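Visitor: Residue numbers (the working numbering), protein chains in the order written: chain A, -10 to 489; chain B, -10 to 489.
For every residue, glycine included, the Cβ atom is placed at its ideal position computed from N, Cα and C.
Please read these numbers as outputs of a predicted model, since none were measured by experiment.
Protein chains: 2
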Amino acid sequence: MKTRLAKEFNDSNWSEKKIEKELDRLVEVGNSASDEIARPTYLDPPSGTRDFYPQDMRVRSWLFDKFRESASHFGFQEYDAPVLENVQLYERKAGEEIVDQMYNFVDKEGYHVTLRPEMTPTLARMVLQKTNLQTGEVRVPLPLKWFSIPQCWRFETTQRGRKREHYQWNMDIVGVNHVHAELELLAAACFFFRKLGIGPEVVGIKVNSRAVLEVVLAKHGVEKGKKNEADGGDLFAMACIIIDKLDKIGGDEVTKLLANIGVSTDSAAEILKALEAPSVEELANLIGTDCEAIHEVKRLFELAEEYGISDYLVFDASVVRGLAYYTGIVWEAFDRRGELRAIMGGGRYDRLLELYGGEKCQIPCVGFGFGDCVIMELLKDCDKLPKFTGSGVDYVVCAFSPDLYGKAANISMKLRMTGATVDLMPTPKKKVAASFKHADLAGARRMVFVAPDEIAKGVVRIKDLRTKTKNDEAIQVDCPLDALHTVDDLIAKALADANS
Amino acid sequence: MKTRLAKEFNDSNWSEKKIEKELDRLVEVGNSASDEIARPTYLDPPSGTRDFYPQDMRVRSWLFDKFRESASHFGFQEYDAPVLENVQLYERKAGEEIVDQMYNFVDKEGYHVTLRPEMTPTLARMVLQKTNLQTGEVRVPLPLKWFSIPQCWRFETTQRGRKREHYQWNMDIVGVNHVHAELELLAAACFFFRKLGIGPEVVGIKVNSRAVLEVVLAKHGVEKGKKNEADGGDLFAMACIIIDKLDKIGGDEVTKLLANIGVSTDSAAEILKALEAPSVEELANLIGTDCEAIHEVKRLFELAEEYGISDYLVFDASVVRGLAYYTGIVWEAFDRRGELRAIMGGGRYDRLLELYGGEKCQIPCVGFGFGDCVIMELLKDCDKLPKFTGSGVDYVVCAFSPDLYGKAANISMKLRMTGATVDLMPTPKKKVAASFKHADLAGARRMVFVAPDEIAKGVVRIKDLRTKTKNDEAIQVDCPLDALHTVDDLIAKALADANS
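1. Taking the Cβ atom as the reference point for each residue, do A/E265 and A/S198 lie within a distance shorter than 9 Å?
2. DSSP state of B/S137, grouped into three classes?
3. Using a Cβ cut-off of 7 Å, pull out every chain B residue sitting near A/W135, in sequence order please.
4. Looking at chain B, which residues of the region 252 to 281 of chain A have a Cβ within less than 8 Å of any of its Cβ atoms?
5. Consult DSSP for B/M108 and reduce its assignment to one of helix, strand or coil.
6. What do you get for A/E85, buried or exposed, if any count of 16 or more other CB atoms within 10 angstroms of its CB means buried?
7. Cβ closer than 7 Å: which chain A residues qualify as neighbours of B/Q77?
8. How would you write the range of the beta strand (DSSP E) that B/Y384 sits in, first residue to last?
9. Measure the C-alpha to C-alpha separation of A/P29 and B/Q123 and round it to an integer number of angstroms.
10. Helix, strand or coil: which one does DSSP assign to A/F304?
11. Where does B/D33 sit, in a helix, a strand or coil, going by DSSP?
12. Taking Cβ positions only, does B/D89 come closer than 9 Å to chain A?
13. From what residue to what residue does the beta strand (DSSP E) around A/F225 run?
14. Using 9 Å as the limit for Cβ to Cβ distance, is B/N399 near chain A?
15. Is there a Cβ from chain A that is less than 9 Å from the Cβ of B/T38?
16. Determine the extent of the beta strand (DSSP E) in which A/V269 is found, giving its start and end residues.
17. Do you know how far the Cα of B/K55 is from the Cα of A/I194?
18. Can you tell me whether DSSP reads A/H169 as helix, strand or coil?
19. Given that a residue counts as buried once 16 or more other Cβ atoms are within 10 Å of its Cβ, and exposed if not, what is A/A485?
20. Please tell me whether A/A445 and A/Y384 are closer than 9 Å, where the distance is taken between their beta carbons.
21. Under 9 Å, Cβ to Cβ, is there at least one residue of chain A near B/T416?
22. For chain A, find out if any of its Cβ atoms is closer than 9 Å to the Cβ of B/T146; answer yes or no.
23. Would the beta-carbon of A/G317 fall within 9 Å of that of A/A200?
24. Applying the criterion that 16 or more other CB atoms from any shown protein chain within 10 Å of the CB defines a buried residue, is B/D161 buried or exposed?
25. Bridge partners for A/N75 per DSSP, in chain order?
26. Could you tell me whether any Cβ in chain B is nearer than 9 Å to the Cβ of A/S380?
27. Got a sec, what are the start and stop residues for the alpha helix (DSSP H) A/G346 sits in?
28. Excluding the 5 residues preceding and the 5 following A/L292 in the sequence, name in chain order all residues of the same chain whose CB lies nearer than 6 Å to its CB.
29. With respect to the alpha helix (DSSP H) encompassing B/Y314, which residues constitute its N-terminal and C-terminal limits?
30. To the nearest angstrom, how far is it from the Cα of B/G19 to the Cα of A/D96?
31. With a threshold of 9 Å between beta carbons, is A/R405 in contact with chain B?
32. Just mark B/T103 as buried or exposed, buried being the case when its beta carbon has 16 or more other beta carbons within 10 Å.
33. In the DSSP assignment, find the unbroken alpha helix (DSSP H) run with B/A440 in it and report its ends.
34. With a threshold of 16 other CB atoms inside 10 Å of the CB of A/D236, please say whether the residue is buried or exposed.
35. Within the continuous beta strand (DSSP E) that includes A/Q465, where are the two ends?
36. Between B/S23 and A/R128, what straight-line distance do the alpha-carbon atoms span, to the nearest angstrom?
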């Protein structure tokens, strides 16, 4: 079978996996469009990626505009960087899913590059480009409040429905070593939710602190800065990545994985118990010390009250996030029904710039990543997506016959110069009905039909498709060709006359 | 040397080219920042790519907004697709630079993929996804008027200053088999130029027709549909790609290359002569036939007159463009000083969808690609770029001391809820001067300083940084904390009082 298929597909290097996928695809094609010729694979977008047709793009642009508006309301500035990055930026030896599933390759000059799996290392790199590595001095005024909406990639065996790319709203504050930065980011996310009509009864944000977890783990031998003997990975970071899997794999499995990095079963049990602490106070009791890390979490919740966002926040000792570089407060947004994956995740990463730039670059950072997929599912579920119908163009202009096309083009350009958006139908149409159908599909506000009788009189007929008289009649006016800018007035007058 | 360096860089697989580039880099680093530690390479963006810091991003967003506005004024709708595409989409065997320089690789499942070199094949693919390949019927109403601003990639040996990526405004009309579609695209480009203040004295658009060239070449044995014996490539497409190089390599070299595909020296001389025809009429004389292709060009120039864009257009028989798929009218925009590369290029490609989708898919298309780099150079040269200073935030809010931070946060959120953009300074500052410096850098309109005395009275002091009284004094008001939405009125009143 494999041989026959491979031959058929005219490429003996096809892997078995590839052939299986191709079979899946053919079955799908066969089901959905039996009247058609089998479609060449290259007509599909690459596996696990999305095309954005205009109707999809309208939704995406709407969402991105909301991201941008929220960022702008909080005084953040947009940046961007190439989708391609050096693989070295992600070499962290901590078993993170995001690093294990990189979309990486070797380029034609031998460089190891990857489609970026996430944006934070890129941000760190860009900040360090503006930093004197010898002194740690950043040559732009701190703090930086930056945001971006990059497309991020991963490569894993595709299962249906799992994508290889997504867009992610990233918000970061660089240069603030205290909890006001976390608050600002949390407030921006809450502002975004509220603006979309997603209240705290629908989403919550679980907040925790790796600094607190550090205290817990230190009691069980996993001390800050300690390296794993096998591969030199940071033990604490590895423990966090294991604990992050708790929800998915359960306590027994976490205990086993912790054993691999030297945590005894008894210790694991105590750690798991701490992760269940229902409040920061009880966690403090469990630890038996009222440390600075605990104070910080308390202060965050107090200030959230004044900021007006505490209804969204909940303390959750089990939230650690799956990235190695977090060092302090971490959080993730979730839907309260518990049906969706995390909506947004973030936290403090005070050591990442030092890791890249050397010991002088101890530049504190906090940030979050907010994917475009889960929020869209939530918005659909809550019926909070606007209706996106037609392109909403101001005018559709149609010429009655080919010899009037130049006239129609001339009128279209004049209307555009007044600021209007104009869809000039490329092919003249005698049938008024066909033109109106087009205008209707486009969601146009007005229809201009360029016909010989009016043109001979030096005017053009413009019909308003949205305004009706009190007798439910459409308004139309004959507008002089040399005064197209007066059309609004003419229509207003026609309406007033008809209604008087 | 190579061995020593390779050892030093701890990777014996480095190619000589890579080592040379690394040396270049070290020299550059050494020159520009001798006070610094050598920067790890992974802190640079990948070779030939650009980071967009906020100040760069403001410029880019401004340009993209202008692209979008122009597209929207012409009733085009935005679409997008993944930056990664199947290599097969670009296999055209015609010696195009764009195809020879693909940023391609084999993914972990054995698929041949590439960072897209251009957008047109993606558009074709997306249209064919909505087409019944057996009947050629497109399941969405034609014509489509679509635009996109994709990032496009190429891989070539980097020389300094040559980039591996750029953004390209793409505008396409699908489903119109006559010259009105070309006109609409040319008009949109001219509209864009005019809106930016770039008149026809600064840029021109050279227009020609491959259909006319087809008639010329057919006389010399290069007939439409004829294949190259060596590799099965389309002879006419190959001839076009050779002729496109005329400007760069000169007539002798073009003659040599044409000889490789079977064109005699005499024929080449006659072809080169035809390319110099100063007008479409003279070209018609040279051909000795007044064919449909000639009529089409004439009609385009006549309609351009009515459309009000003929001042931008010039006929140029030597313009053919370097892409294999063009079949009819082609054009390119150039700066009239002749200092820059082509600003924009486009044309009709009526056979591309057939090539991908089969003989039923004879769907006519026209489109252009408009890069982001050359136009930026031109805008700078013409001094037509706006000044981009600060983020232009409405308010900067600063707390006098840490215990007032919650109050400052509260005020910030209330101001945002009124629609304002607010930059809350994360770290409280006692020094008013420092806060003002920050507000100034941010280009803020107003400054809110949250201090204990006012707060005790239930108000906050808001200073307007842009409005001065007639005596050149700044306006400031004490706004009640429970009526922050009234601040505009208060400031207007204070100004009137001061000026009365």
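Guide: In short:
1. Contact: no.
2. When secondary structure is reduced to three states using DSSP, B/S137 falls in the strand class.
3. Under the 7 Å cutoff, chain B gives P43.
4. For the region 252 to 281 of chain A, no residue has a beta-carbon sitting nearer than 8 Å to a beta-carbon of chain B.
5. The answer is coil: DSSP assigns B/M108 none of H, G, I, E or B.
6. Flag for A/E85 reads buried.
7. Result: Y31.
8. Element bounds for B/Y384: Y384 to A388.
9. Their backbone Cα atoms lie some 13 Å apart in a straight line.
10. Of the three classes helix, strand and coil, the one that applies to A/F304 here is strand, per DSSP.
11. DSSP, read as helix, strand or coil, puts B/D33 in coil.
12. For B/D89, the answer is no, since every Cβ of chain A falls outside 9 Å of its Cβ.
13. For A/F225, there is no enclosing beta strand (DSSP E); the enclosing alpha helix (DSSP H) has its first and last residue at L224 to D233.
14. Closer than 9 Å: yes.
15. Nearest CB-CB separation between B/T38 and chain A: below the 9 Å threshold.
16. First-last for A/V269: V269 to I276, but that is the alpha helix (DSSP H), not the beta strand (DSSP E).
17. Using only the alpha carbons, I get a separation of about 38 Å.
18. In the structure shown, A/H169 sits in a helix (DSSP, three-state: H, G or I).
19. Classification for A/A485: exposed.
20. It is not a contact, given that the beta carbons lie outside the stated cut-off.
21. Yes, contact with chain A.
22. Cβ-Cβ to chain A under 9 Å: yes for B/T146.
23. A Cβ-Cβ contact shorter than 9 Å links A/G317 with A/A200.
24. The residue is buried, with at least 16 neighbouring Cβ atoms inside 10 Å.
25. As DSSP reads the structure, A/N75 sits in a beta bridge with A/V102.
26. At a cut-off of 9 Å, the C-beta of A/S380 has a neighbouring C-beta in chain B.
27. Run containing A/G346: L341 to G346, per the alpha helix (DSSP H) assignment.
28. Around A/L292: L172.
29. Counted as a single uninterrupted DSSP element, the stretch harbouring B/Y314 is not any alpha helix (DSSP H), since DSSP gives it neither H nor E.
30. Model confidence at B/G19 stands at a pLDDT of 49, short of 50, so the residue's coordinates are unreliable; what they give is reported in the following sentence. Distance from the CA of B/G19 to the CA of A/D96, rounded to the nearest whole angstrom, comes to 26 Å.
31. Using a CB distance cut-off of 9 Å, A/R405 counts as an interface residue toward chain B.
32. With 16 or more other Cβ atoms within 10 Å, it is buried.
33. For B/A440, there is no enclosing alpha helix (DSSP H), as DSSP gives it neither H nor E.
34. So A/D236 counts as exposed.
35. It spans A463 to P469 - the beta strand (DSSP E) in which A/Q465 sits, taken as one unbroken run.
36. For B/S23, the predicted structure reports a pLDDT of 47, less than 50, and the residue's modelled location is therefore unreliable. The matter cannot be settled from this model.
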